[in-house]
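Chains as they are written, first to last, in the numbering used here: chain S, 3 to 214; chain C, 1067 to 1163. See structure below.
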Amino acid sequence: MHIPDGYVDLPIALACGALAVAVLALAARRIDGEVSDARAPLVGVVAAGIFAAQMLNWPIPGGTSAHFVGGAFAAIMLGPHLGALAVATVVAIQALVFGDGGLVVLGANVFNMAIVEVYVGYAVYRLLAPYGEFRAAFAGGWLGITAGALTAAVQLGLSSAFAYELVTTVAIMGVGHLVLGLIEGGITAVVYRYLARARPDLRPDVAPEVSA
Amino acid sequence: MDALGRGLAVLLVLTLLAPVFGWAAGQVGYAEPLENAAEATGATDDADPVGDAPLPDYGVPGLGSAAGTFVSAVVGTALTLLIVAGLGRLLGTDDRA
């Protein structure tokens, strides 16, 4: 889902970049003062885990492969604003250090994976949480990545390289990630359930254990 | 082991798995829906990287593919850990104050 340079028309890339910067600036203001110093290293570990997990390409017979993106997972574990900043950092490192995703389209990639996937995934999770946290985390991961794939498909489908074939890009990427997203949802739910039991203090809504 | 230590151990396991998964994905042929969409619309040739990444495609120039993937995984994971922990501290509060 990392768009390389040359695929998205410049005005679209710049517009998405500006939007991404604006949302991340708001996110930074919203979390200002909410992370305790004791929690900061653990937040780093969660983000680093997302980077490492993204390197694991799950081979799927039939010639596709997909990897966990972790947008919804970050939002559920860290809260949406900190989650957005964490995934944005991952996406920026992937582009700058490893050439995974272009530099001109970095803003568009951040928008799709660190903003759309994070906030949509979180909204779905919150909406469904009353009916069971495990199911809610699964649906958040599943629909979050599908939403991110759809915004990517729209950016590509409105660009000249893709011959403005919006219907084709939306159909291939939307359906593709709706199916592959089941893996994302499964990993999100299983790892979330494990961590929620093992480390309840990691959760954003829990007071830090050393606050007294 | 405390939470941080356990977290770091999990990260090490993930980085060790990276070359294994890389090999397995290579066996089935790596293709994402994005690449399928590019092929369907004839966009593939328009990919035009701007600038050179220091560790292109999660590999180290001159190093074997498995070793390069492992080094890339360690470097990327460590960078993410340091930057996000630093960001958290920067935006955070000192709750001992």
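In this text, a Cβ means the ideal position worked out from N, Cα and C, and glycines have one as well. Note that the structure is predicted; figures quoted are calculated from it, not measured.
Interface residues of chain S around Ser1138 of chain C at Cβ under 7 Å?
Within 7 Å Cβ-Cβ: Phe100.
Using 10 angstroms around the beta-carbon of Ser162 of chain S, count the other beta-carbons present and answer buried if the total reaches 16, otherwise exposed.
Looking at its Cβ environment, which holds fewer than 16 other Cβ atoms inside 10 Å, Ser162 of chain S is exposed.
Going by DSSP, what residue range makes up the beta strand (DSSP E) through Ile62 of chain S?
Where Ile62 of chain S is concerned, the enclosing beta strand (DSSP E) stretches over 59 to 62.
Would you call Glu119 of chain S buried or exposed, if buried means 16 or more other Cβ atoms sit within 10 Å of its Cβ?
Glu119 of chain S is buried by the Cβ-count criterion.
Would you kindly work out how many angstroms separate the C-alpha atoms of Pro6 of chain S and Leu180 of chain S, rounded to a whole number?
Taking the straight line joining both Cα atoms gives about 22 Å.
Which chain C residues are close to Pro61 of chain S, counting only those with a beta carbon under 7 Å from its beta carbon?
Correct list: Ala1090, Ala1091, Gln1093, Val1094.
Which of the three DSSP states is assigned to Ser38 of chain S in this structure?
Correct three-state label for Ser38 of chain S: strand.
Can you tell me which of the three DSSP states His83 of chain S falls into?
Correct three-state label for His83 of chain S: helix.
For Asp1123 of chain C, does the count of other Cβ atoms within 10 angstroms reach 16, so buried, or fall short, so exposed?
Looking at its Cβ environment, which holds fewer than 16 other Cβ atoms inside 10 Å, Asp1123 of chain C is exposed.
Counting only Cβ pairs nearer than 9 Å, list the residues of chain C close to Ala88 of chain S.
Simply Thr1146, Val1150, Leu1153, Gly1154.
Using alpha carbons as the reference points, say which of S:Asp34, S:Leu168, S:Val177, S:Thr190 lies closest to Thr1107 of chain C.
Among S:Asp34, S:Leu168, S:Val177, S:Thr190, the Cα nearest to that of Thr1107 of chain C belongs to S:Leu168.
Could you tell me the distance, in whole angstroms, from the CA atom of Pro210 of chain S to the CA atom of Leu80 of chain S?
Low confidence applies to Pro210 of chain S: its pLDDT is 45, below 50, so where it sits in the model is not reliable enough to give any reading.
Would the beta-carbon of Gly187 of chain S fall within 8 Å of that of Phe136 of chain S?
Not in contact: Gly187 of chain S and Phe136 of chain S (Cβ atoms no closer than 8 Å).
Taking only three categories from DSSP, how would you classify Ser162 of chain S?
It is helical.
Under 8 Å between beta-carbons, which chain S residues line up against Leu1070 of chain C? List them in chain order, please.
What Leu1070 of chain C touches in chain S: Pro43, Leu44, Val47.
Rounded to whole angstroms, how far is the Cβ of Gly142 of chain S from the Cβ of Tyr121 of chain S, which I believe are closer than 8 Å?
Wrong, their Cβ atoms sit about 10 Å apart, outside the cutoff.
Roughly how far, in whole angstroms, is the beta-carbon of Gly1142 of chain C from the beta-carbon of Val193 of chain S, given that I think they are within contact range, below 8 Å?
Their Cβ separation, rounded to whole angstroms, is 19 Å, which puts Gly1142 of chain C and Val193 of chain S out of contact at 8 Å.
In angstroms, rounded to a whole number, what distance separates the CA positions of Gly1071 of chain C and Ala131 of chain S?
Spanning the two alpha carbons is a distance of roughly 30 Å.
Assign Asp1068 of chain C to buried or exposed, taking buried as 16 or more other Cβ atoms, counted over all protein chains shown, within 10 Å of its Cβ.
Asp1068 of chain C is exposed by the Cβ-count criterion.
Can you give me the Cβ contacts of Gly103 of chain S inside the same chain, cut-off strictly under 8 Å, excluding the 5 residues immediately before and after it?
For Gly103 of chain S, where only same-chain residues beyond five positions count, the Cβ hits under 8 Å are His4, Ile5, Pro6, Val93, Gln96, Ala97, Asn111.
Would you check if the region 19 to 26 of chain S and the region 1115 to 1135 of chain C touch, i.e. whether three or more CB-CB distances between them fall below 8 Å?
Result no; under three Cβ-Cβ pairs closer than 8 Å.
Taking only three categories from DSSP, how would you classify His4 of chain S?
Reduced to three states, the DSSP call for His4 of chain S is coil.
CA-CA distance, Arg31 of chain S and Gly1158 of chain C?
Taking the straight line joining both Cα atoms gives about 11 Å.
Following the continuous alpha helix (DSSP H) through Asn111 of chain S, name the residue where it begins and the one where it ends.
Taken as a continuous stretch (DSSP letters only), the alpha helix (DSSP H) holding Asn111 of chain S covers 108 to 112.
In the DSSP output, which residue or residues are listed as bridge partners for His69 of chain S?
Per DSSP, S:Asn59.
May I ask which residues mark the beginning and end of the alpha helix (DSSP H) holding Ile117 of chain S?
Here Ile117 of chain S belongs to no alpha helix (DSSP H), and DSSP marks it neither H nor E.
To which residues does DSSP link Thr1143 of chain C through a beta bridge?
Its beta-bridge partners do not exist; DSSP assigns none.
Check whether chain C comes within 8 Å of Thr153 of chain S, counting only Cβ atoms and requiring the distance to be less than that.
Not one chain C Cβ lies under 8 Å of Thr153 of chain S.
Rounded to whole angstroms, how far is the Cβ of Thr1135 of chain C from the Cβ of Ala1091 of chain C, which I believe are closer than 8 Å?
Not quite, the Cβ-Cβ distance comes to about 11 Å (not below 8 Å), so this is no contact.
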